[in-house]
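For the sequence shown, position 61 matches number 61 in UniProt numbering, and the numbering has no gaps at all. The C-beta atom is built at its ideal place from N, Cα and C for all residues, glycine as well. Remarks on the structure that follows.
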Amino acid sequence: MNELRVLAKQLFKLFIIVFVLIGLVFIWLLTYKPNSKNEILDKTEIIVSIENWKAKDAILELTNMPRRVKSGYYLISETSAYMGPYAVRPEDRYSGNNLACSNCHLQKGAQAGSGSWVGILERFPQFGGRANKMGTIEDRINGCMERSMNGKILPVDSEQMKSIIAYMEWLGEDIPESKKAEFKGYPKIKIPDEKVDLVKGKQVYSKECVICHGENGAGVLNTEVGKGYTYPPLWGPDSFNDGAGMNRVITAAEFIKSNMPYLQATWDNPKLTDEEAYHVAGYINSFSRPHKFNTENDYPDKKLKPVSTPYGPWVDDFSPEQHKYGPFPPIMEFYKKKYGITKTK
């Protein structure tokens with residue numbers, strides 16, 4: 001019995017201690033006032049950190065890249081030498097011209113407004129009207145290989161494909177949520193309600209473009225053999241083919257306004273007006289380039305075809321010339337009224 005009394009007293013004491021501790025914690029919670037000044041400073045530091053975030057500079061970080069990422073870097077920056085006409089092994093020659101992927105995806109894919117790859121893996125799979133299905137990032141890369149690079153597709157399990165994707169993934173590491181939209185696609189332009197004026201386009205080209213791309217649009221080859229172009233050709237046999245997205249006036253105009261003249265314009269500080277970009281895009285696409293076969297099979301649902309796609313068939317009665325040079329707003333209005341489809345390009 002004595003042992004039970006002792007145990008009961010100990011339990012009672014323990015209960016009192018716990019009760020007091022709970023009371024103290026409760027009082028502390030009621031009276032606690034957070035240091036709002038420190039919280040504000042912490043939040044300010046986070047905001048400043050996000051605002052100061054910059055995309056990676058691949059050239060500066062080249063020595064520290066993982067092996068596969070570095071392989072991807074060389075594939076996209078020296079495409080001709082590693083998977084194009086100058087590749088050592090014939091079986092590695094997937095690209096059909098001497099362009100580099102980074103000729104369009106500027107700053108090695110890191111420049112906003114130039115079809116940047118920063119954060120791109122989060123946007124796939126996504127629906128693509130050209131194939132009328134959900135497409136993977138591999139499908140998107142191969143679309144460029146067949147059209148912009150005028151070549152053939154990369155096997156999805158190839159080392160080249162894996163390396164390019166690894167590089168894209170590396171570029172997008174740690175991107176803040178608030179920055180993702182900035183690096184997506186091309187900023188839109190206000191599409192003029194007029195046909196492309198080739199005279200105006202030539203004037204813009206002569207003033208702003210000829211110094212890099214030449215009178216004949218042939219660009220400037222790198223002095224080192226196999227290194228591709230310092231400034232890429234805009235038309236002719238070594239340029240993108242007529243099935244490429246850049247062969248559409250609206251798409252080309254969006255890219256041009258956000259990025260050209262090179263090193264002078266950015267998406268948030270362009271040099272050309274919407275009209276200038278529009279007319280010079282039409283001028284550039286008025287010249288011949290390699291032909292992509294079987295484009296009639298593009299866009300199984302022809303209603304989804306961009307209005308500035310210059311090759312048929314279409315599900316409207318607008319002329320091939322209007323699909324190539326505009327004006328485009330009447331075509332957009334047609335699809336809105338007849339099919340309820342809002343088109344922006």
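- Nearest to A110 by alpha-carbon distance, out of V210, Y94, K302, E182, is E182.
- Boundaries for F127: no alpha helix (DSSP H) harbours it, while the beta strand (DSSP E) harbouring it runs 126-128, taken from the DSSP string.
- Around the beta carbon of W53, fewer than 16 other beta carbons sit within 10 angstroms, so the residue counts as exposed.
- Contact check between the region 152-171 and the region 55-72: three or more CB pairs, one atom from each, fall below 8 Å, which counts as touching.
- Secondary structure note for Y231: its beta strand (DSSP E) is the uninterrupted segment 229-231.
- Under the three-state reduction of DSSP, N216 is assigned to coil, being neither helix nor strand.
- Setting aside the 5 residues that flank it on each side, M149 is surrounded in the same chain by T79, G84, Y94, S95, G96, N97, L99, C101, F240, each with a C-beta closer than 8 Å to its C-beta; the list follows chain order.
- The beta carbons of G282 and Y325 sit closer together than 8 Å.
- With a cut-off of 8 Å on Cβ pairs, the region 117-133 is in contact with the region 292-309, counting three or more such pairs.
- Between the C-alpha atoms of Y186 and R89 there is a straight-line separation of about 35 Å.
- Spanning the alpha carbons of N103 and P233 requires a straight line of approximately 10 Å.
- Scanning its chain for C-beta atoms nearer than 7 Å, with the 5 sequence neighbours on each side dropped, one finds around G72 the residues S163, I164, A166, Y167, in chain order.
- Here the region 238-252 lies against the region 290-298, with 3 or more beta-carbon pairs under 8 Å apart.
- Boundaries of the alpha helix (DSSP H) around G201: 198-204.
- Going by DSSP, M149 is part of no beta strand (DSSP E) at all; its letter is neither H nor E.
- With respect to the C-alpha of P125, the residue from V249, G135, G172, Q322 having the closest C-alpha is G135.
- Residues of the same chain with a CB within less than 7 Å of the CB of S77, apart from the 5 flanking positions on each side, are A100, S102, K108 in chain order.
- The straight-line gap separating the alpha-carbon atoms of G214 and K188 is approximately 27 Å.
- Under the three-state reduction of DSSP output, N97 falls in the coil class, being neither helix nor strand.
- By the Cβ neighbour-count rule, G217 is buried, with 16 or more other Cβ atoms within 10 Å of its own.
- DSSP, reduced to helix, strand and coil, places L106 within a helical segment of the structure shown.
- With 16 or more other CB atoms across the displayed protein chains lying within 10 angstroms of its CB, L154 is buried.
- Going by DSSP, M161 is part of the alpha helix (DSSP H) stretching over 159-171.
- Straight across, the Cα-Cα distance linking W314 with V225 is about 43 Å.
- The beta carbons of V249 and S319 sit no closer together than 8 Å.
- Apart from the 5 residues on each side of it in sequence, R123 sits with its Cβ closer than 8 Å to the Cβ of K184 in its chain, given in chain order.
- In this structure, T251 is the residue among T251, E321, S258 with its C-alpha nearest to the C-alpha of T344.
- The closest CA to that of W235, considering only I284, A87, F328, is found on I284.
- Inclusion of A87 and K227 in the CB contact set at 8 Å is not warranted, their separation being larger than that value.
- Apart from the 5 residues on each side of it in sequence, I120 sits with its Cβ closer than 6 Å to the Cβ of M168 in its chain, given in chain order.
- In this chain, G245 is not harboured by any beta strand (DSSP E), its DSSP state being neither H nor E.
- Between the alpha carbons of N222 and D238 lies a distance of about 14 Å.
- In this structure, DSSP gives K305 a state outside helix and strand, which the three-state scheme calls coil.
- Taking 8 Å as the cut-off, the Cβ atoms of H279 and K200 count as close.
- Excluding the 5 residues flanking it on each side, K202 has same chain C-beta neighbours closer than 7 Å at Y283, in chain order.
- Boundaries around G282 are those of the alpha helix (DSSP H), 274-284, since no beta strand (DSSP E) includes it.
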